[in-house]
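Engineer: Our numbering puts the first residue of the sequence shown at 155, with every later residue one more than the last.
Glycine included, each C-beta is placed from N, C-alpha and C at the ideal position.
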Amino acid sequence: MSARLTAVTPLGTIAIRGGTVVDSAGSRRADVVVGDGRVTAVGPDTDGGPAAHRTLDASGCIVAPGLVDLHVHLRQPGREDAETIDTGARGAALGGFTAVVAMPNTDPPMDCAAVVREVQELGATACCDVYPSAAITVGRRGSELAPMAELARLGVRVFTDDGDGVQDAQVMRRALEYAGGLDHLAGGGRVVLAQHCEVAELSAGGHMHEGAWSSRLGLGGQPSEAEELMVMRDIALARLTGSRVHFQHLSTAGSVAMVRAAKEAGLPVTAEATPHHFTLTDASCAGYDTVFKVHPPLRTDDDVVAIRAGLADGTIDAIATDHAPHTSTDKERPFDSAPPGMLGLETALGLALTELDLPVEQVLALMSWQPAALVSIDDSHGGPIVPGAPANLCVIDPQATWTVSGAAMASPSRNTPYEGRTLRGRVRHTLLAGEPVVIDGEPQR
Ligand code: DOR
155 MSARLTAVTP LGTIAIRGGT VVDSAGSRRA DVVVGDGRVT AVGPDTDGGP
205 AAHRTLDASG CIVAPGLVDL HVHLRQPGRE DAETIDTGAR GAALGGFTAV
255 VAMPNTDPPM DCAAVVREVQ ELGATACCDV YPSAAITVGR RGSELAPMAE
305 LARLGVRVFT DDGDGVQDAQ VMRRALEYAG GLDHLAGGGR VVLAQHCEVA
355 ELSAGGHMHE GAWSSRLGLG GQPSEAEELM VMRDIALARL TGSRVHFQHL
405 STAGSVAMVR AAKEAGLPVT AEATPHHFTL TDASCAGYDT VFKVHPPLRT
455 DDDVVAIRAG LADGTIDAIA TDHAPHTSTD KERPFDSAPP GMLGLETALG
505 LALTELDLPV EQVLALMSWQ PAALVSIDDS HGGPIVPGAP ANLCVIDPQA
555 TWTVSGAAMA SPSRNTPYEG RTLRGRVRHT LLAGEPVVID GEPQR
């Protein structure tokens, strides 16, 4: 999965002045100069060289590697009324992301070379690097393996049936065994199988977390165990096959505990969690507002505490948004028939900085270099900001406060559950291959 190394439009030299560079190597006061798609100089009071064409103000800001989102739904092909690769990538850039992994539950699904190529081509001119994942099984139907080797050769590094879990343990075992033999196609990286953990029989008929609130509201519930049984099974399959399993959008305290124990036992597992699962609970569904309907569902206070603890102690490797745009028409349906999902790209960083009691370095590790390494794109994204590195960067004002507005977002969809909420921490500029795609919070194309 190679990223672009040159900007879509030709650029001169750009100097990012007055900020504090924060990357995996630590934190230091430094200006950053970029040119020809790469970082050319880093240091205190770098003058940008005689040919500096432009200066971006970073005073009071953090200059960081661009953020990396392992989990977005860009809806193209198939539901361009809800999102396109173009609008989704613009929202990503506004949120500080320079790379996203696009989920395969498009229509048609990303389970074959033609659709993966289409997404790659559409992504080539987008405001961030778009890495298509591909389905584990044909049609995401859970029975026959997709042509994983062919897709890995095209650059796919993440396979998932996201939207659904692979229900059949034997199919998942075979997929893990097969994926384990594909790393040689990954150009020094590796192929990752990512699982949406949900046992369909247990979650069937459920529209929110099963608990006191679902009883009170008279809505069918999805028990925590629907997720936890598959986490348990796939930890066992990781042990059996020796292949890596990445757990998507963990939502329960029990899941976090099992992943923690699996990691302590040295098993090859990784995990992500979403901002909504560390900021919202099932109580949000009290007004039957479908903007709070999501899979896996919003859980309890105890689960939120456990997700936060998992992020803090390294059990969870990455914050991923599960950005899931849906049109207003679709979301206006009754709670039990509206589609699940929430916008996430433009609010993720602000939520992490506002709500998590973590140092900014740790938030950036969870949102940039750890996810980049997890899917082997760390040669292009998330790496230390040093001369020669690809200039995929974001400049964050950690003190800026702002109010969330769905109407102001890049997506044609409006389904943010954070409407009207004030967040602290905002992206000021985003650079993709040296091109400023966001300046002063405004998209440039
Ligand atoms: O809430 C969700 N929405 N969860 C999923 O797994 C799929 C996603 C979507 O595609 O809308």
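Taking the alpha-carbon positions, what's the Leu159 to Ser534 distance?
Structural biologist: Per-residue confidence for Leu159 stands at a pLDDT of 49, beneath the threshold of 50, marking its modelled position as unreliable; the derived number appears in the next sentence. Cα to Cα, Leu159 sits roughly 8 Å from Ser534.
Engineer: My output table needs one value for Thr475: the three-state DSSP class, helix, strand or coil.
Structural biologist: Coil, per DSSP.
Engineer: What did DSSP end up calling Glu298 once you bin it into helix, strand or coil?
Structural biologist: Coil at Glu298, not helix or strand.
Engineer: Just to confirm the assignment, what range does the beta strand (DSSP E) spanning Phe251 have?
Structural biologist: Where Phe251 is concerned, the enclosing beta strand (DSSP E) stretches over 251 to 256.
Engineer: Do three or more CB pairs link the region 579 to 588 to the region 163 to 183 at distances below 8 Å?
Structural biologist: Yes, the region 579 to 588 is in contact with the region 163 to 183.
Engineer: Can we count Asn569 as close to the ligand DOR, meaning its CB is less than 7 Å from some heavy atom?
Structural biologist: False, no ligand heavy atom lies under 7 Å from that Cβ.
Engineer: May I have the straight-line CA-CA distance separating Ala333 from Val410, to the nearest angstrom?
Structural biologist: The alpha-carbon atoms of Ala333 and Val410 are separated by roughly 25 Å.
Engineer: Are the beta-carbon atoms belonging to Ala288 and Pro258 less than 8 Å from one another?
Structural biologist: Yes. Within cutoff.
Engineer: Ordered along the chain, which non-local residues of its own chain (more than five positions away) have a Cβ less than 7 Å from that of Arg462?
Structural biologist: Hits under 7 Å: Phe432, Leu510.
Engineer: Please give me, in chain order, every unbroken run of the alpha helix (DSSP H) with length at least 4 that falls completely inside the region 330 to 418.
Structural biologist: Counting whole runs of 4 or more residues, the region 330 to 418 contains the alpha helix (DSSP H) stretches 354 to 357, 366 to 371, 378 to 395, 407 to 418.
Engineer: Whose C-alpha, out of Thr557, Gly537, Ser559, Arg568, is nearest the C-alpha of Val176?
Structural biologist: Of the candidates Thr557, Gly537, Ser559, Arg568, the one whose C-alpha sits nearest the C-alpha of Val176 is Gly537.
Engineer: Relative to the ligand DOR, is the shortest distance from any of its heavy atoms to the C-beta of Asp490 smaller than 7 Å?
Structural biologist: Flag unset: Cβ of Asp490 not near the ligand DOR.
Engineer: Mind checking whether the beta-carbon of Val273 lies closer than 7 Å to any heavy atom of the ligand DOR?
Structural biologist: Because no heavy atom of the ligand DOR lies under 7 Å away, the Cβ of Val273 does not count as near it: no.
Engineer: Flag this pair as touching only if the region 206 to 213 and the region 552 to 559 have three or more C-beta atom pairs under 8 Å; answer yes or no.
Structural biologist: Contact fails: fewer than three Cβ-Cβ distances are below 8 Å.
Engineer: Starting from the C-beta of Arg182, find all residues in its chain whose C-beta is less than 6 Å away, skip the five residues before and the five after it, and write them out in chain order.
Structural biologist: Taken in chain order, the residues that qualify are Val175.
Engineer: Between the C-alpha atoms of Ser567 and Thr241, what's the straight-line distance to the nearest angstrom?
Structural biologist: Ser567 and Thr241: Cα-Cα distance of roughly 10 Å.
Engineer: Rounded to a whole number of angstroms, what is the C-alpha to C-alpha distance between Asp484 and Thr395?
Structural biologist: Those two C-alpha atoms are separated by around 41 Å.
Engineer: If you drop the 5 nearest sequence neighbours on each side, which residues of the same chain put their C-beta closer than 7 Å to that of Val196?
Structural biologist: Hits under 7 Å: Val175, Ala184, Val186, Ile539, Val540, Pro541.
Engineer: Assuming Ala425 and Asp476 make a contact with CB atoms under 8 Å, what is their CB distance in whole Å?
Structural biologist: Contact doesn't hold; Cβ gap of about 13 Å is too wide.
Engineer: Considering only the alpha carbon of each residue, which of Ser530, Leu528, Val514, Leu520 lies closest to Asp551?
Structural biologist: Selected option, being the one with the closest Cα: Val514.
Engineer: Pairs of beta-carbons, one from the region 445 to 461 and one from the region 487 to 500, closer than 8 Å: are there three or more?
Structural biologist: Touching, yes.
Engineer: Please name the residue or residues paired with Ile216 in a DSSP beta bridge.
Structural biologist: Thr174, Ile550.
Engineer: What residue from Leu507, Asp443, Ala243, Ala466 has the CA that sits closest to Ser491's CA?
Structural biologist: Taking only the C-alpha atoms, the option nearest Ser491 is Asp443.
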